[in-house]
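A.B. asks: Throughout the sequence shown, residue numbering follows my numbering, covering 5 to 186 in sequence. This is the structure I have questions about; it appears just below.
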Amino acid sequence: MDEFELIRRVLEGHQQDFSLLIKKYEASVFRTAMGLLHSKEDAEEITQDVFLKVYQSLSSFNGRSAFSTWLYRITINSSLNLLRKKKRRGFWIGLSDLLQIASKDREAETIMTEKTEKAVIRQAINSLPEKQRLAFVLTKYEELPQKQVAEIMDLSEGAVEQLILRAKTNLRKKLEKELEEP
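Written out as structure tokens, the structure reads:
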């Protein structure tokens, strides 16, 4: 059964069919939210919220774009709203826990270094301008083709390509700067 048939059935009262849509897209919604939020708990919360919003507004889906495109837009908007609401601190989250690791322990040092590197990368991604961050996350985390990212972001493919190039350049600069600092 294709998505449009599932949607039609859900709208006709077969609510149990909605679980098939959830099964198909839950991991993608979670990965997209995780790529933007960098928090498992927040990504899980957004995933639940997105499917609740989708269920409540399924009748407004007009089919002009793919269902997945509509779903990604809801996921992105919900994730960005949560980011704005919480005013994420990115790099500083969890850093105090890292500082409590004994520096004499070789394994602890390795863990601390890996966590710090991941935090620096998250901070660099979070510091990108919003459109660059979205294009980067959708192509790198979700591995979506530029054509679909263009549909999701309501931009041309060329504009998406430019955003990705700028995002990579900006990330490279930010990460090189971090590596240069003592």
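Beta carbons: idealized from backbone N, C-alpha and C, even for Gly.
Taking only runs of the alpha helix (DSSP H) that begin and end inside the segment 145–186, which ones reach a length of at least 4 residues, in chain order?
C.D. replies: 150–157, 161–184
A.B. asks: Taking Cβ to Cβ, would you say ALA154 is nearer than 8 Å to VAL164?
C.D. replies: Start at 1 with the first residue of the sequence shown, and residue 154 comes out as number 150. Start at 1 with the first residue of the sequence shown, and residue 164 comes out as number 160. In this structure, VAL164 lies closer than 8 Å to ALA154 by Cβ.
A.B. asks: Which residue wins for smallest C-alpha separation from SER23, given the options GLU180, PHE55, GLN150?
C.D. replies: Translated into the one-based positions of the sequence shown, residue 23 becomes position 19. Distances from the alpha-carbon of SER23 to those of GLU180, PHE55, GLN150 put PHE55 closest.
A.B. asks: Any idea what DSSP makes of ALA37, helix, strand or coil?
C.D. replies: Start at 1 with the first residue of the sequence shown, and residue 37 comes out as number 33. In the structure shown, ALA37 sits in a helix (DSSP, three-state: H, G or I).
A.B. asks: Where GLN166 and LYS177 are concerned, what is the direct C-alpha to C-alpha distance, given to the nearest angstrom?
C.D. replies: As a position in the sequence shown, residue 166 is number 162, starting the count at 1. As a position in the sequence shown, residue 177 is number 173, starting the count at 1. The alpha-carbon atoms of GLN166 and LYS177 are separated by roughly 16 Å.
A.B. asks: How many Å lie between GLU49 and ILE80 at the Cα?
C.D. replies: Taking the first residue of the sequence shown as position 1, residue 49 is located at position 45. Taking the first residue of the sequence shown as position 1, residue 80 is located at position 76. So the two alpha carbons sit approximately 13 Å from each other.
A.B. asks: Check ARG13 in the structure and name its three-state DSSP category.
C.D. replies: Counting from one through the sequence shown, the residue named residue 13 turns up at place 9. Assignment of ARG13 by DSSP, reduced to helix, strand and coil, places it in the helix class.
A.B. asks: Please report how far the alpha carbon of SER61 lies from the alpha carbon of LEU41, in whole angstroms.
C.D. replies: Within the sequence shown, the letter at position 57 stands for residue 61. Within the sequence shown, the letter at position 37 stands for residue 41. Roughly 24 Å separates the two Cα atoms.
A.B. asks: So what's LEU132 in DSSP terms, helix, strand or just coil?
C.D. replies: For the purposes of this step, residue 132 is taken as the residue at position 128 of the sequence shown. In the structure shown, LEU132 sits in coil (DSSP, three-state: anything other than H, G, I, E or B).
A.B. asks: Just to confirm my understanding: we take ARG170, look at its own chain, exclude 5 residues before and 5 after, and list those with CB closer than 7 Å. What are they?
C.D. replies: The residue given as residue 170 occupies position 166 in the sequence shown. Excluding residues within five positions, the ones whose Cβ falls inside 7 Å are GLN136.
A.B. asks: Does the separation of the CB atoms of THR51 and GLN152 fall below 8 Å?
C.D. replies: Taking the first residue of the sequence shown as position 1, residue 51 is located at position 47. Taking the first residue of the sequence shown as position 1, residue 152 is located at position 148. No, these two residues do not count as a Cβ contact at 8 Å.
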